[in-house]
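Those letters in the sequence shown? Residues 1 to 386, per full-length UniProt numbering, in order.
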Amino acid sequence: MDTTAVILGGGYAGVMAANRLAASGRSGLEVVLVTPGPRFVERIRLHEYTAGTRADATVDYGSVLHPGVHLVRDAAAGILPDMRTVRLAAGGDLAYDYLVYAVGSAAAAAPGGALRIEHLEGAAGARRELSALPAGGRVAVVGGGFTAVETAAETAGAFPHLSVALHSASDVARTLGIPARRALVKRLGKAGVQLHTGSSVATDGDVRRNLAADVVLWCAGFAVPQLAAKAGLAVDGSGRLCLEPTLQAQGRERIYGAGDAAVIAGPDYAYLRMCCAAALPMGADAAGNILRAVDGMPGVRHNSGFRGVCISLGRSDAVVQFLAADDSPARLHLHGRTAAVQKEIICRMTLRWIRGEAKRSGAYTWPTGPKVPTTTPAARSVHLME
Ligand SMILES: Cc1cc2nc3c(=O)[nH]c(=O)nc-3n(C[C@H](O)[C@H](O)[C@H](O)COP(=O)(O)OP(=O)(O)OC[C@H]3O[C@@H](n4cnc5c(N)ncnc54)[C@H](O)[C@@H]3O)c2cc1C
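Next comes the structure, spelled out in structure tokens:
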């Protein structure tokens, strides 16, 4: 009997899932990937694209997807779980036997006058505005997470004639260990970034006026598409699809979730933050459990963890914080050129892992999670962009 697996979202999680399914060679398994963009976006490089240190942050879907994946260039406008159907934005319905919900995330709504860089169109607009600024132009980056830090440092490095400030209500990169954070703050200063912490940015009116800046890049907070909530699926307070440890949606055994748009419910998985490093294993495991279901076998609990986090500070500097599996900082960190090289290797590896999975289902492996389930403090689950 033929089985159709529909994947919503052609980002890291969705493409990994599509490849694991399609490369499995299961007879009668049709794999359909629904995604609106014409090309795969390397989101982890959007700060480079914004600052103009990278000409492009996209690659052709043909170069990352298994050739057997049927690509539908459209957005899902709705999910009808009882009918196992996805409604497409351009019109028409798609029936599924299994669904992978991997629609990612975006920065939270930005106040008037601010630009968002976490999606390609926003990054392209910000890039144009930055390039047009005259010498002495003032750029404010808002946010204290890794994306804000990377964006501020990249911009300062690429536009030495501009004045770049980073505004964060809290300490920046506060999930790092103290030595790594100290190194990061020092190196941000060396990169020419003025750091303003400890007070929230006023968001009434035009935020450029509030910050006395010509361009404001908004990298604070995050939001996810509300598709799951609208479909009546179990979601958390922000609208992320709530999953069982098998990555099945709570109460819906035919729907799986992966990446930023989904969250494994409960304290045991609170350490899994929204990041590419979690999206890829979740995408692979969601697909693996669909294959098990197709074969009549029970799904396995998701098991992934961290080894390190790399924060770029321009093209020749970075901080690498080594991590325990539960995302808590280990004692060791690296900085300087060696760390920058390490970061670049990881960025390249993400595409290599996805492409490897297109060649052989099961090729991608990842670090395991904590041995003993942790009830990690909520502070650890802060999003990269916070
Ligand atoms: C500048 C920047 C730097 C980052 N650096 C790092 C880093 O160094 N390390 C790290 O681990 N993480 C990093 N991240 C975070 C990382 O990019 C995300 O966590 C990751 O992209 C999540 O993968 P995903 O597949 O869930 O979502 P995405 O990669 O966002 O993909 C989601 C896909 O779903 C599609 N989609 C959206 N709505 C619909 C719909 N209705 N129907 C169909 N498709 C839809 C989108 O078009 C997109 O293709 C960074 C993020 C940014 C913005």
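For glycine and all other residues, C-beta sits at the position ideal for the given N, C-alpha and C.
- Going by beta carbons, VAL15 and LEU65 fall inside the 8 Å limit.
- Of the other Cβ atoms in all chains shown, 16 or more fall within 10 Å of the Cβ of GLN248; this residue is therefore buried.
- SER199 is bridged by DSSP to nothing; it lacks a bridge partner.
- Assignment of GLN226 by DSSP, reduced to helix, strand and coil, places it in the coil class.
- CA-to-CA, the gap between VAL341 and PHE146 works out to about 17 Å.
- In this structure, the CA atom of ILE290 is about 36 Å from the CA atom of GLU150.
- Sorting ASP295, ARG174, ILE354, TYR271 by C-alpha distance to the C-alpha of ASP327 places TYR271 at the top.
- For ASP60, the uninterrupted beta strand (DSSP E) run begins and ends at 58-60, by DSSP.
- Look at the beta carbons and you see the segment 221-232 not touching the segment 158-170: under three pairs across the two are nearer than 8 Å.
- Note that the C-beta distance between LEU8 and LEU21 is not below 8 Å.
- Assigned with DSSP and collapsed to three states, THR155 falls in helix.
- The three-state reading of DSSP puts CYS219 in coil, since its state is none of H, G, I, E or B.
- Shown here, HIS70 sits in a strand according to DSSP, grouped into three states.
- Taking the Cβ atoms as the reference, ALA213 lies roughly 49 Å from VAL300, outside the contact range of under 8 Å.
- At least one heavy atom of ligand 1 sits closer than 7 Å to the Cβ of TYR12.
- Not a single unbroken stretch of the alpha helix (DSSP H) spanning 4 or more residues falls wholly within the segment 243-273.
- Secondary structure at LEU211: coil, using DSSP grouped into helix, strand and coil.
- Between ARG181 and ALA173, the CB-CB gap stays under 8 Å.
- Contact annotation, GLY257 with ALA286: C-beta distance approximately 7 Å; criterion of less than 8 Å satisfied.
- Residue pairing from DSSP places ASP93 in a beta bridge opposite ARG87.
- Of the candidates GLU154, ALA148, ALA183, PRO179, the residue whose Cα lies closest to the Cα of HIS167 is ALA148.
- Between the segment 199-214 and the segment 95-112 there are three or more C-beta pairs closer than 8 Å, enough to call the two in contact.
- The Cβ-Cβ distance between ASP93 and THR85 falls below 8 Å.
- By the C-beta density criterion, LEU323 is buried, having at least 16 other C-beta atoms within 10 angstroms.
- By the neighbour-count criterion, in which 16 or more other beta carbons inside 10 Å mark a residue as buried, ASP295 falls on the exposed side.
- Cβ-Cβ distances below 7 Å link LEU176 to LEU184, GLN321, PRO329 in the same chain, with the five nearest sequence neighbours on each side left out; the list follows chain order.
- For the options ASP56, ALA5, PRO134, the alpha carbon positioned closest to that of LEU71 is the one of ALA5.
- With a 10 Å radius around the Cβ and a threshold of 16 neighbouring Cβ atoms, SER200 comes out exposed.
- Sequence-distant Cβ neighbours of ASP2 in its own chain, meaning closer than 6 Å and more than five residues away, are GLY28.
- For ILE255, the closest C-alpha among the options LEU80, SER238, GLY68, GLY192 is that of LEU80.
- At least 8 Å separates the beta-carbon of ALA318 from that of TYR98.
- Remark: C-beta atoms of GLY198 and GLY104 do not approach each other more closely than 8 Å.
- Between ASP82 and ASP236, the alpha-carbon positions lie close to 21 Å from each other.
- CA-to-CA, the gap between ARG116 and VAL224 works out to about 14 Å.
- Looking at the backbone, the Cα of GLY221 and that of ARG240 are separated by about 14 Å.
- In the DSSP assignment, PRO329 falls within the beta strand (DSSP E) that extends over 329-335.
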